[in-house]
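Peer 1:
Numbering (the numbering used here), first residue to last: 1 to 101.
1. Hey, which unbroken runs of the beta strand (DSSP E) at 3 residues or more fall wholly within the segment 24-86?
2. Report the option in 26, 22, 95, 69 whose CA atom is closest to the CA atom of residue 84.
3. Starting from the Cα of residue 28, find the closest Cα among 14, 79, 99, 40 and give me that residue.
4. Could you say if the segment 39-47 and the segment 56-72 meet the contact criterion of at least three C-beta pairs nearer than 8 Å?
5. Given that a residue counts as buried once 16 or more other Cβ atoms are within 10 Å of its Cβ, and exposed if not, what is residue 57?
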């Protein structure tokens, strides 16, 4: 029998300052995030169907999966309240566009 509980994926995100001077220790941000979605699959779908180049599709896919869950958990927070309706509209349009391809 298949489990009804969907397992979260865990990702480690590392951002390194690539513009550090030679010999200088680069600044690094690193954190882990859990997501119910497979971020690699989302990025691949965006690469194939969004019309964006590969790097931009990767950036958009990762950014959406990092910000969307935070926004949903905090949708009434002053930082997100005004933006939430626009974000929902954007996501509906994005999903329609991806299904069309």
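Just so you know, even glycine gets a beta-carbon here, dropped at the ideal spot from N, CA and C.
This one's a predicted model, so the numbers in the text were calculated from it and none came from an experiment.
Peer 2: The answer reads as follows:
1. 28-35
2. 69
3. 14
4. yes
5. buried
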